[in-house]
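Reading through the structure tokens given below for one structure.
Numbering (my numbering), first residue to last: 7 to 222.
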């Protein structure tokens with residue numbers, strides 16, 4: 007997921023400072039999602055859709071425990087990866103100053119102004135990621151297009167994604183423009199909760215729609 011930040015920063019470094027700049031630079035935000043989803047890697051927010059379905063079907067504590075355990079393992083691994091990527095990117099000596107400045111610029115606004123605003127924006131991101139995963143089995147040759155469009159909307163809309171956003175906040179921490187309290191208390195709690203609620207809410211809505219259609 008770190009390549010979302012890197013691609014966005016590289017695009018920003020080659021674009022003028024204009025009102026339309028985000029329309030192009032946020033295309034880079036989709037790069038990490040394309041790598042992870044098409045590469046069949048485990049992304050935490052994917053698991054708010056796929057692994058939650060058995061809970062609605064079985065409705066027992068064993069399934070709930072299994073889902074929580076999976077979430078914990080995947081989330082820990084994802085965050086460890088974002089920390090390592092942010093650390094390596096902040097210490098890299100291969101980028102010229104204008105790219106380093108663009109990377110810092112790309113991280114601006116990564117920490118929500120408040121818990122409520124962060125949670126609400128993260129719910130929308132959770133919906134969009136869950137919707138992406140829901141649509142992929144029927145996408146055939148349009149998989150790249152679906153992933154690109156829906157994740158581009160997350161970046162362009164400023165909706166918070168727990169893993170892609172974590173790379174940005176951690177990079178800001180490594181470069182001194184943010185602190186660990188911003189990551190641990192300002193970013194992680196509202197965004198994680200919002201992503202989970204958004205993904206699970208979509209599962210519940212789709213499940214209800216299927217049941218209602220079956221009864222009809």
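We put the beta carbon where it would ideally sit given N, CA and C, even for glycine.
Between residue i and residue j, what straight-line distance do the alpha-carbon atoms span, to the nearest angstrom?
i, j, result
"residue 31", "residue 17", "5 Å"
"residue 74", "residue 36", "27 Å"
"residue 147", "residue 45", "15 Å"
"residue 102", "residue 27", "20 Å"
"residue 104", "residue 24", "16 Å"
"residue 92", "residue 173", "6 Å"
"residue 179", "residue 70", "34 Å"
"residue 170", "residue 68", "30 Å"
"residue 208", "residue 14", "28 Å"
"residue 143", "residue 80", "22 Å"
"residue 189", "residue 63", "35 Å"
Specify the secondary structure class of residue i as computed by DSSP and reduced to three states.
i, result
"residue 208", "helix"
"residue 33", "helix"
"residue 169", "coil"
"residue 7", "coil"
"residue 182", "coil"
"residue 19", "helix"
"residue 66", "coil"
When the Cα of residue i is compared with those of the options, which residue comes out closest?
i, options, result
"residue 149", "85, 42, 173 and 24", "42"
"residue 112", "34, 208, 192 and 84", "34"
"residue 135", "38, 188 and 90", "38"
"residue 9", "67, 79, 94 and 82", "94"
"residue 227", "130, 182 and 175", "The requested residue 227 does not occur in the structure, where the chain is confined to residues 7 to 222."
"residue 127", "205, 20 and 19", "205"
"residue 201", "166, 185, 183 and 178", "166"
"residue 100", "199, 12, 78 and 119", "12"
"residue 110", "119, 182 and 120", "182"
"residue 47", "57, 190, 7 and 189", "7"
"residue 51", "168, 72, 78 and 106", "168"
Using 10 angstroms around the beta-carbon of residue i, count the other beta-carbons present and answer buried if the total reaches 16, otherwise exposed.
i, result
"residue 160", "buried"
"residue 115", "exposed"
"residue 157", "buried"
"residue 214", "Confidence at residue 214 is low in this model, with a pLDDT of 47, below 50, so the placement of that residue is unreliable and no value is reported for it."
"residue 151", "exposed"
"residue 22", "exposed"
"residue 139", "buried"
"residue 19", "buried"
Taking residue i and residue j to be in contact with their CB atoms under 8 Å, please state how far apart those CB atoms are, rounded to whole angstroms.
i, j, result
"residue 125", "residue 196", "4 Å"
"residue 49", "residue 84", "7 Å"
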